[in-house]
Amino acid sequence: MNSLNGSRRNFLRGATALAALTASGTSLLTKGARAETPAADVISGSHWGVFRAQTENGRAVGVTAWEGDPWPSPQLPGVLDSMYSPTRIKYPMVRRAWLENGPGSDPAGRGTGDFVRVSWDKALDLVAAELKRVQDKYGPTGSFAGSYGWKSPGKLHNCQTLLRRAMTLNGGFVNSSGDYSTGAAQVILPYVVGSIEVYEQCTAWPNVAENTELMVFWGANPLNNGQISWQVADHGCFPGIEALKKAGTKVICIDPIRTETCQYLNGEWLAPRPQTDVALMLGIAYTLYDEKLHDQTFLDKYTAGFDQFLPYLLGKTDGIPKTAQWAASVCEIPAETIQDLARQFSKNRTMLALGYSTQRQHHGEQVHWMLITLASMLGQIGLPGGGYGLSYHYASGGAPTSRAPILTAITDGGASVAGASWLSASGALSIPVSRFVETLLNPGKTMDFNGTKLKLPQIKLAYWVGGNPFSHHQDRNEMVRAWRALDTFIVHDFQWTATARHADIILPATTSYERNDIEQVGDYALSHIVAMKKVVDPIFESRSDFDIFAGICERMGKREEFTGGKSEMDWIRSFYEAARLEARAKGMEMPVFDVFWDSNRPLAFPVSEEQKNYISHKDFREDPLLNGLGTPSGRIEIFSKNIEKMAYDDCPPHPTWMEPVERLGGPSVKYPLHVAAIHPTLRLHSQLCGTALRKTYEISGREPCWINPVDANSRGLKDGDVIRVFNDRGQILAGVKVTDLIRPGVVRINEGGWFDPVDPREIGSLCRYGDVNTLTTGIGTSKLAQGNCGQTGMAEIEKFKGEPAAVSVFEAPETANG
Amino acid sequence: MTAADAEQMAVVANWIGGLFLAPQTAEALERHLEAGDLLEEIGQQLDCLAGTRRMNEVLAKAPIEVISKNLERRYFALFEGMAGRHTVPLYESGYAGTGTRLFQQPVTDMECLLRDLDLSVEATCCEPADHISIELAVLAAALRSGNGEIARSLAQRLSRWGPGFVARLCEEDGDEFYGAAAVVLYAFILALPNLVSCQEIAVKAADGSL
Chain A
9 MNSLNGSRRN
19 FLRGATALAA
29 LTASGTSLLT
39 KGARAETPAA
49 DVISGSHWGV
59 FRAQTENGRA
69 VGVTAWEGDP
79 WPSPQLPGVL
89 DSMYSPTRIK
99 YPMVRRAWLE
109 NGPGSDPAGR
119 GTGDFVRVSW
129 DKALDLVAAE
139 LKRVQDKYGP
149 TGSFAGSYGW
159 KSPGKLHNCQ
169 TLLRRAMTLN
179 GGFVNSSGDY
189 STGAAQVILP
199 YVVGSIEVYE
209 QCTAWPNVAE
219 NTELMVFWGA
229 NPLNNGQISW
239 QVADHGCFPG
249 IEALKKAGTK
259 VICIDPIRTE
269 TCQYLNGEWL
279 APRPQTDVAL
289 MLGIAYTLYD
299 EKLHDQTFLD
309 KYTAGFDQFL
319 PYLLGKTDGI
329 PKTAQWAASV
339 CEIPAETIQD
349 LARQFSKNRT
359 MLALGYSTQR
369 QHHGEQVHWM
379 LITLASMLGQ
389 IGLPGGGYGL
399 SYHYASGGAP
409 TSRAPILTAI
419 TDGGASVAGA
429 SWLSASGALS
439 IPVSRFVETL
449 LNPGKTMDFN
459 GTKLKLPQIK
469 LAYWVGGNPF
479 SHHQDRNEMV
489 RAWRALDTFI
499 VHDFQWTATA
509 RHADIILPAT
519 TSYERNDIEQ
529 VGDYALSHIV
539 AMKKVVDPIF
549 ESRSDFDIFA
559 GICERMGKRE
569 EFTGGKSEMD
579 WIRSFYEAAR
589 LEARAKGMEM
599 PVFDVFWDSN
609 RPLAFPVSEE
619 QKNYISHKDF
629 REDPLLNGLG
639 TPSGRIEIFS
649 KNIEKMAYDD
659 CPPHPTWMEP
669 VERLGGPSVK
679 YPLHVAAIHP
689 TLRLHSQLCG
699 TALRKTYEIS
709 GREPCWINPV
719 DANSRGLKDG
729 DVIRVFNDRG
739 QILAGVKVTD
749 LIRPGVVRIN
759 EGGWFDPVDP
769 REIGSLCRYG
779 DVNTLTTGIG
789 TSKLAQGNCG
799 QTGMAEIEKF
809 KGEPAAVSVF
819 EAPETANG
Chain B
48 MTAADAEQMA
58 VVANWIGGLF
68 LAPQTAEALE
78 RHLEAGDLLE
88 EIGQQLDCLA
98 GTRRMNEVLA
108 KAPIEVISKN
118 LERRYFALFE
128 GMAGRHTVPL
138 YESGYAGTGT
148 RLFQQPVTDM
158 ECLLRDLDLS
168 VEATCCEPAD
178 HISIELAVLA
188 AALRSGNGEI
198 ARSLAQRLSR
208 WGPGFVARLC
218 EEDGDEFYGA
228 AAVVLYAFIL
238 ALPNLVSCQE
248 IAVKAADGSL
């Protein structure tokens, strides 16, 4: 050897010492080769649909949509990016200040990235000990485990259920109720129609395509939001929309944005001022009444309280008749157009499809209530193709429901209640989910909520899994301030989201593609049962949430209670076998579990002709006594005596127009532009923001901000400009897209952009990427529902001066070194 | 190449690899500090005295407990994936020119080489096989087993992507410990073609400043 300089002998003398220098010490390699893993084609599922993953040598090399998917989502490639993201959390980590100085140390340092890698044993010991400390010192109301968010689908690895299961075993916790999607509507609708309705089936698309003459998408955009489902997406709304187009059905879209759905169906676009939907509906309702176009017979037979609402509509109670002219002054839709809408609605078989976004605003409860009132006045509820639907835009509502049995799921150990899983009654106390920040800031305060008075607990520990509150919660800076009240924030995640960055203890969880599970396809369609097969082994040191919680419970002496003595596959098999029994009772024979699992195909269930022609509220219409609603009167309540008893100043007993705290054209507005914080196009809330999909929509490396040419010109803005969007609550950077697909006075910045403050220690620090919830208000919708107001926010825009700070929250720059 | 030559190179390869596998403990750093002469000699042998001296200077700047914490912070910021654009991927996949995804073809290639050597990564290590430390460990194993073909293959791999890694690391860490370690790694990669008697391997210049 001649290439090394100097004395080889001396060098070799030191070789042994050299080998001992580094921390690892031992060899990284061991004798014996691992067997080559044969290539495979693995069926699995996700929020974006059923897919097949191609693997080679245990590595996923491709993802293709399942051949039975009628409209594969363009978001599916994000699956691979998620698994193999350079921002994967590789090891358990503990924030240094917390580790060295104990719980509550330097809370302002959260988000600054000073973590210490620890072993799994150490991490689990720390978590178990901290849960016990808080439990001992503060009792069950000291820990919050009402963790919320779009966790991955699957009946076993529902991490939020698993968290609550573990926390129940640990002595209790504070839970959350409701959700961020429909917080206002799901509380008021039981008073109006006797159920939460927002997640219930609409009149099926085939029936709509055949019978509906006028389809009104009101703040509803199925072509975008239908890409995803809470379970595994079926995309059944897309054939429905196609059928509507083929039928030539007239479409009106009421939205500040000319949506994809509006464009595809060549709909008539009406763009009222945001948050004025109730005023617009009242103007239509007034016209209906004034021109005797309303269906008094329907109102008399199927509703209660119209007579108490009517004086308000006519202005006899407040001196303001809700005429089309009055409505026009509020919503900026011409009075003639409003009157014409009333006439068209009544003349045609009309389906009113309302989106969830309309109720995510101050006084958002009123929107759904007023729409149902309007539909009641039209008298078409329960008729083919008529009435209203509240989930046509979500998870393919309206896709006909199959005869599939319902897969059971692991439980959280609390008292079960009917309805969605997040309505479970577990926990020592439950607070409205969007009031967590308010709770942290106001321990001991009494909060009105849905007829009750909640004493807000003092919470010292929060445990979050399967969610990203640093994305979905409003008023980010208030939230950052509130978080400092916590002693400890524990998070499971697979990627360094803003929430993970703010953790004290972060435990690396697998993606759903690194564990086995089982799920149904389609929230409404329930078209198939799909094996969510593990595509690859857990990446880095990640563990499934089930394994993580089992490890924590083991330290509390509760492992057996937590696991039920079952392995992952034992649980999955048990869910399937229970469904198999139910199917048999329905006259269907499902294959035995092993045959199903090994088939590598989703198991299909038949759809009856009746379901293809399902008409919402048909039974109620046919016999309102026998099939009465779950309201006190058994009818649609346009006036609610129960709400009247609550005497809330912000939720009267009938649908009412009330000014939100701020709105475009409002009486007390400080900033000129409404911020439409709507659902993103190529991600699921914040999920997939950290993938290559972002490259397809980001502008100058920032979250896009749509702005009308009128507003852009008056500010000297052009496409690609980096702008500062600001109000009294915060400031963000964004990239300009000038487009006439949005009305003047409104800018669109999608929710879910990753929070990226220049200085995490500074409350109010500029977000470099464009987290729109830095700008939205954190107040509750009303004392009734205490939902979030993610669509309430006004701001101003200016071209950013100087060199904008580089975004720092995503992956390393791409390095080509071929 | 004699067995002693191969052993010498294997030791250096494992030492460099060990620097990047995990944050160094205070004890390990103490050992480095005490082995100043040895590092000096490595610097001379690899013609990268600036690198090894800089490593020693950084370690001697403050009490070792303080240095240990500082380096732990630097390791986290550089390698753990949280620092966004300031992250320096430790994996060949990050430099393969196929995007930012990890676990790409280089992982499969490396697993193939491991099989050829009848080796596997220890179960306690959850890193993919294209991690810089594992590639260096496989190189060391090939050298020790006298498998020149695989050693040359590894040298070629490291010559292809190592300079990009070194450049990114120098860009982000400059004169600090890991930046200095990158200088040593680069010198080692530069020396590899001759060391494994494979003259045709051309090391792509990482950066003019190196």
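Just so you know, the protein sequences line up as chains A and B, in that order. The numbering used here numbers the first residue of the first sequence as 9 and each following residue consecutively. The numbering used here numbers the first residue of the second sequence as 48 and each following residue consecutively. Backbone N, C-alpha and C define an ideal beta-carbon position, used for all residues, glycine too.
{"Asked": "Interfacial residues, the region 183-198 of chain B to chain A, with Cβ spacing under 8 Å", "Found": "ALA184, VAL185 and ALA188"}
{"Asked": "Residues in the region 40-73 of chain A having any Cβ partner in chain B nearer than 8 Å", "Found": "GLY40, ALA41, ARG42, GLU44, GLU64, ASN65, ARG67 and ALA68"}
{"Asked": "Length at least 4, wholly inside the region 417-478 of chain A: the alpha helix (DSSP H) runs in chain order", "Found": "444-449"}
{"Asked": "Unbroken alpha helix (DSSP H) run spanning VAL231 (chain B), endpoints", "Found": "224-242"}
{"Asked": "Counted within 10 angstroms of its Cβ, other Cβ atoms place GLU819 (chain A) as buried (16 or more) or exposed", "Found": "buried"}
{"Asked": "Anticipated Cβ contact below 8 Å, GLN239 (chain A) with GLY530 (chain A), distance rounded", "Found": "7 Å"}
{"Asked": "PRO94 (chain A) at chain B interface by Cβ criterion, 8 Å", "Found": "yes"}
{"Asked": "Rounded C-alpha distance that separates PHE317 (chain A) from SER648 (chain A)", "Found": "10 Å"}
{"Asked": "As assigned by DSSP and simplified to three states, the class of ASN233 (chain A)", "Found": "helix"}
{"Asked": "Cβ-heavy atom distance, ASP94 (chain B) to the ligand PLP, below 7 Å", "Found": "Because no ligand of any kind appears in the structure shown, any question about the ligand PLP cannot be addressed here."}
{"Asked": "PRO768 (chain A) classed as buried or exposed, judged by whether at least 16 other C-beta atoms fall within 10 angstroms", "Found": "buried"}
{"Asked": "Backbone secondary structure at TRP208 (chain B) - three-state DSSP", "Found": "helix"}
{"Asked": "Proximal residues, the region 90-123 of chain B versus chain E, C-beta separation under 9 Å", "Found": "Among the protein chains in the structure shown, which are A and B, there is no chain E."}
{"Asked": "Per-residue contacts from THR38 (chain A) into chain B (C-beta, under 9 Å)", "Found": "LEU166, SER167, VAL168, GLU169 and ALA170"}
{"Asked": "Cβ neighbour criterion (16 or more within 10 Å) applied to MET129 (chain B)", "Found": "buried"}
{"Asked": "Interface partners of GLU127 (chain B) on chain A, CB under 7 Å", "Found": "LYS98"}
{"Asked": "Interface positions of the region 146-165 of chain B facing chain A (Cβ-Cβ less than 7 Å), listed along the chain", "Found": "GLY146, THR147, ARG148, LEU149, PHE150, VAL154, THR155, GLU158, LEU161, ARG162 and ASP165"}
{"Asked": "Exposure of LEU634 (chain A), with buried meaning 16 or more beta-carbon neighbours within 10 Å", "Found": "exposed"}
{"Asked": "For ALA539 (chain A), the three-state DSSP class (helix, strand or coil)", "Found": "strand"}
{"Asked": "Chain A contact for ILE179 (chain B) (CB, 8 Å cutoff)", "Found": "no"}
{"Asked": "Proximity below 8 Å, CB of THR269 (chain A) to CB of PRO230 (chain A)", "Found": "yes"}
{"Asked": "8 Å Cβ cutoff met for LEU415 (chain A) and LYS145 (chain A)", "Found": "no"}
{"Asked": "Proximal chain A residues relative to LEU201 (chain B), where beta-carbon distance stays under 9 Å", "Found": "Ordered by position in chain A, no residue passes the 9 Å Cβ test against LEU201 (chain B), which lies about 13 Å from the chain."}
{"Asked": "Minimum length 4: unbroken alpha helix (DSSP H) runs contained in the region 639-686 of chain A", "Found": "649-654"}
{"Asked": "Reduced DSSP category for PRO115 (chain A) - H, G, I as helix; E, B as strand; rest coil", "Found": "helix"}
{"Asked": "C-alpha distance - ALA350 (chain A) paired with VAL102 (chain A), whole-angstrom precision", "Found": "60 Å"}
{"Asked": "Cutoff 8 Å: VAL730 (chain A) Cβ touching any chain B Cβ", "Found": "no"}
{"Asked": "Alpha helix (DSSP H) runs contained entirely in the region 541-618 of chain A, provided each spans 4 or more residues", "Found": "553-563, 567-571, 576-593 and 601-607"}
{"Asked": "Interface residues of the region 497-508 of chain A facing chain B [CB-CB below 9 Å]", "Found": "GLN503, TRP504 and ALA508"}
{"Asked": "Interface residues of chain A facing CYS173 (chain B) [CB-CB closer than 9 Å]", "Found": "LYS98, TYR99, PRO546, ILE547, PHE548, GLU549 and SER550"}
{"Asked": "Proximal chain A residues relative to ARG78 (chain B), where beta-carbon distance stays under 9 Å", "Found": "ALA25, ALA28, LEU29 and THR30"}
{"Asked": "Enclosing alpha helix (DSSP H) for VAL59 (chain B) [first to last residue]", "Found": "50-68"}
{"Asked": "Residue-chain proximity (ASP122 (chain A), chain B), Cβ-Cβ < 8 Å", "Found": "yes"}
{"Asked": "Against chain A: residues of the region 216-235 of chain B by CB proximity under 8 Å", "Found": "none"}
{"Asked": "PHE818 (chain A) - DSSP class collapsed to helix/strand/coil", "Found": "coil"}
{"Asked": "Where the alpha helix (DSSP H) containing ALA174 (chain A) begins and where it ends", "Found": "167-177"}
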